[in-house]
Amino acid sequence: MSSDKRFKHLISIDELSKDDILYILKRAEEFEDIAKGKKVSKILDGKILANLFFEPSTRTRMSFETAMKRLGGDVINMTDTEISSVAKGETLADTVKVVSNYVDVIVLRHPLEGAAKFASENSSVPVINAGDGAGQHPTQTLLDLYTIQKESRLDGAKIALMGDLKYSRTVHSLIKALTLFKTKIFLVSPEILRLPEEFIEELEGDFESAELEDVIDQIDVLYVTRIQKERFPDEEEYRKVAGSYIITPQTLENAKDTLIIMHPLPRVNEIDTSVDATRFARYFEQSFYGVPIRMAILSELLL
Ligand code: NCD
Numbered sequence: 007m008s009s010d011k012r013f014k015h016l017i018s019i020d021e022l023s024k025d026d027i028l029y030i031l032k033r034a035e036e037f038e039d040i041a042k043g044k045k046v047s048k049i050l051d052g053k054i055l056a057n058l059f060f061e062p063s064t065r066t067r068m069s070f071e072t073a074m075k076r077l078g079g080d081v082i083n084m085t086d087t088e089i090s091s092v093a094k095g096e097t098l099a100d101t102v103k104v105v106s107n108y109v110d111v112i113v114l115r116h117p118l119e120g121a122a123k124f125a126s127e128n129s130s131v132p133v134i135n136a137g138d139g140a141g142q143h144p145t146q147t148l149l150d151l152y153t154i155q156k157e158s159r160l161d162g163a164k165i166a167l168m169g170d171l172k173y174s175r176t177v178h179s180l181i182k183a184l185t186l187f188k189t190k191i192f193l194v195s196p197e198i199l200r201l202p203e204e205f206i207e208e209l210e211g212d213f214e215s216a217e218l219e220d221v222i223d224q225i226d227v228l229y230v231t232r233i234q235k236e237r238f239p240d241e242e243e244y245r246k247v248a249g250s251y252i253i254t255p256q257t258l259e260n261a262k263d264t265l266i267i268m269h270p271l272p273r274v275n276e277i278d279t280s281v282d283a284t285r286f287a288r289y290f291e292q293s294f295y296g297v298p299i300r301m302a303i304l305s306e307l308l309l
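In my numbering, the protein residues as written are 7 to 309.
Quick look at the structure:
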């Protein structure tokens, strides 16, 4: 690996400067036609990616796979920990040491915060964090920023982050990056799902807690998240907030014409499907943008 890489692993969005982020977004734009299958590329011919997924995933795993394959590379998957040696008690450190001898890059999703950092310390190849517990999800953040840049505007945007701000790693990652773009952030959540104090400190004052109806007429982006049921220590606590916010076309009656609605997906019921046909919905475009963004990340790490 040459030493002029902008990053050696991708564990947390904090490791990237604003310039690094803008560079990845620009590269993603260049990869769009290849991501759509309109152009063919073999720049990652001979490279192999390993997906190590200890938590469910559809988009992240499959878009990494698509990105790699459309660039001529190959992918191996360890997604079912029940049939791998993890079921025999193999440690994450040993799994990573072994797999990093097989491949050129590892993509890891794990339920424990800090797992990706730990994996990078045991890997001889770059590790990409595809979500570590309620911690970070930097590739999602890059595709979220790309979506905002393409479908709205990044600098100075007014953005409402809505839903489970306590456990959503997509929010925890995104918030750190948004501070670089002088955005105004509104935090919209049920009381027990408020943003943890450590992230509030990082917002450096440029945020407010709000009710959606009070800000819907001024925001440029509404970023909705699912309640992260699997991270609740107590099922009863989850039941108290389940279904407590649902976006419908009525919710959006006073929205700006140019509002965009984003969601990292999967959605459960936070956005009613009747919103999909409105001019505001961008969550399916957003999930497509994961492909060119991940192409940009892989080419930075592997070439
Ligand atoms: C998110 C995740 O895994 O954090 N999914 C994704 O990668 N698009 C969001 C979620 O699970 O709610």
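Don't be surprised by glycine CBs; every beta carbon is placed ideally from N, CA and C. These numbers were taken from a predicted model, which means no experiment stands behind them.
Residue pairing by DSSP puts Val-227 in a beta bridge opposite Ile-165 and Ile-266. Only residues of its own chain outside the window of five on either side were considered, and among them Ala-34, Leu-149, Tyr-152, Thr-153 and Lys-156 have a CB closer than 8 Å to the CB of Tyr-295, listed in chain order. Relative to ligand 1, Arg-300 has its C-beta separated by 7 Å or more from all heavy atoms. By the 16-neighbour rule on beta-carbons within 10 angstroms, Pro-202 is exposed. Spatial neighbours of Thr-66 in its own chain (CB-CB distance under 6 Å, excluding positions within 5 residues in sequence) are listed in chain order as Ala-136. Between ligand 1 and the CB of Arg-200, the shortest heavy atom gap is not smaller than 7 Å. Between Ser-106 and Val-131, the CB-CB gap stays under 8 Å. Between the region 225-236 and the region 264-274, the count of Cβ pairs shorter than 8 Å is three or higher; the stretches touch. In terms of Cβ geometry, Leu-304 and Leu-77 form a close pair [threshold 8 Å]. When the Cα atoms are used, Ala-261 and Asp-110 turn out to be separated by approximately 46 Å. Here Gly-52 is exposed. Its C-beta has fewer than 16 other C-beta atoms within 10 Å.
In this chain, the alpha helix (DSSP H) harbouring Ser-126 covers 121-127. Apart from the 5 residues on each side of it in sequence, Asp-223 sits with its Cβ closer than 8 Å to the Cβ of Asn-260, Ala-261 and Lys-262 in its chain, given in chain order.
In this structure, Thr-147 lies near Ala-183, with their beta-carbon atoms less than 8 Å apart.
Sequence-distant partners of Ser-129 (beyond 5 residues in either direction) whose C-beta falls short of 7 Å from its own C-beta, in its chain, are Val-102, Ser-106 and Ile-112.
When distances are taken from the beta-carbon of His-178 to the heavy atoms of ligand 1, even the shortest one reaches 7 Å or more. Comparing alpha carbon positions, the residue from Ile-181, Leu-218, Phe-187 and Asp-25 closest to Glu-207 is Ile-181. The criterion of a C-beta distance shorter than 8 Å is not satisfied by Arg-115 and Glu-204.
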